[in-house]
Amino acid sequence: MSKVNNAFAVVGIHTGIGKTVVSAVLTQALDAHYWKPIQAGLEERDADTVRKLIAGGDKRVHPEAVALKMPASPHTAASAEGVVIDYPSFITPSAPRPLIIETAGGVMSPVSDDATVADMVAWWQLPVVLVASGYLGSISHTLTAIEVLRGRNIHIAGLIFSGEYDSSAASFIDRYTSVPVIGRVPLLMPLNQVSVAAAAADIKGNAWSTLSGILDL
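The sequence shown begins at 363 in my numbering and counts up by one.
Laid out in structure tokens, this is it:
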């Protein structure tokens with residue numbers, strides 16, 4: 363295992379939960395740097411999205427370790443393109459501020475033929491900010507993700523609700539898991555630097571207080 367210092371991973375309870383927007387908001391709120399090590403699909407690169415959404419993005423967004431053309435699960439795209447995803451060999455970007463690492467897919471999405479997102483995060487010994495939502499069934503999905511992470515001794519630093527919000531579901535998850543809730547990132551319309559900056563301002567206080575114990579802020 364290889365510990366990555368002054369960094370945390372943004373992990374979703376499933377694919378398409380809003381990790382990229384949440385990552386942009388957290389990067390803005392913490393004056394942090396951003397890295398998505400594995401990108402599958404090049405027409406809409408998440409690094410490009412974050413670069414456009416935050417102030418000074420050109421200086422704070424780092425290139426991917428692996429960029430695959432096929433918009434599919436990384437292990438599928440890698441196999442189709444003859445690429446081996448060897449995450450232990452990735453070189454973590456050097457950053458003067460905390461590094462936010464956005465993962466691909468959901469917590470148990472495969473990143474190679476024999477490893478998942480959770481396995482990769484555990485190998486790097488990264489704490490996690492978990493992204494959830496309030497759709498029907500999200501309680502089970504969120505609790506399952508938390509169990510998976512805890513089963514690998516991964517520290518869950520906090521939870522952010524993205525998009526839909528259900529106060530009853532959020533309350534149950536809070537009581538059942540005791541994972542700190544950093545805040546909410548609602549559906550941002552329009553999605554631009556102004557709306558991301560506003561969302562960052564809303565969660566900045568909680569983000570700093572919740573994450574200061576694991577980051578050099």
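Even glycine gets a Cβ: it sits at the ideal position worked out from N, Cα and C.
Use the C-beta contact count for residue i: other C-beta atoms within 10 angstroms, 16 or more gives buried, fewer gives exposed.
i: S385; result: buried
i: S495; result: buried
i: A563; result: exposed
i: Y538; result: exposed
i: S574; result: exposed
i: R422; result: buried
i: E464; result: buried
i: V412; result: buried
i: T438; result: exposed
What residues in its chain sit with their C-beta under 6 Å from that of residue i, if we drop five residues either side in the sequence?
i: T389; result: Y396, I416, I462
i: N338; result: This structure does not reach residue 338, given that the chain is present from 363 up to 579, and the question cannot be answered.
i: P542; result: G520, T572
Taking the alpha carbon of residue i as the reference point, which residue from the options has its own alpha carbon closest?
i: E406; options: D393, A394, A434; result: A434
i: Y527; options: P552, A519, E509, I501; result: I501
i: G419; options: V387, L505, K566; result: V387
i: F370; options: H376, A394, D408; result: A394
i: A440; options: M551, I453, D476; result: D476
i: R514; options: D410, M551, V479, D448; result: V479
i: S456; options: P548, N554, V366, L549; result: V366
i: E426; options: A532, V446, A409; result: A409
i: Q401; options: L488, V445, E509; result: V445
Just reading off the beta strand (DSSP E) that residue i is part of, what are its end residues?
i: P472; result: 472-474
i: Q555; result: First-last for Q555: 555-573, but that is the alpha helix (DSSP H), not the beta strand (DSSP E).
The alpha helix (DSSP H) with residue i in it runs from where to where?
i: I535; result: 529-539
i: A391; result: 381-391
i: S502; result: 500-513
i: V373; result: From DSSP, V373 is part of no alpha helix (DSSP H) but of the beta strand (DSSP E) over 369-374.
Below 8 Å CB to CB, which residues in the same chain sit around residue i once its five sequence neighbours on both sides are set aside?
i: V490; result: F370, A371, V372, V373, V483, L511, I516, H517, I518, A519
i: E443; result: L430, K431, M432
i: V558; result: V383, A386, V387, Q390, L415, I416, L550
Can you look up residue i in the DSSP assignment and give me helix, strand or coil?
i: S451; result: helix
i: H424; result: strand
i: H395; result: strand
i: L579; result: coil
i: V491; result: strand
Short of 7 Å in beta carbon distance, which residues of its chain neighbour residue i, apart from the five on each side in sequence? Order them along the chain.
i: F376; result: The question names Phe, but residue 376 is His in the sequence shown. Counting only Cβ-Cβ distances below 7 Å, and skipping sequence neighbours, we find G468, H503.
i: D361; result: In this structure the chain extends from 363 to 579, so residue 361 is not present and cannot be described.
i: N368; result: P460, L461, L577, D578
i: A531; result: G496, S500, I501
i: F452; result: P399, A427
i: V473; result: I400, P436, H437, I447, Y449, A466, V479, M482
i: L498; result: none
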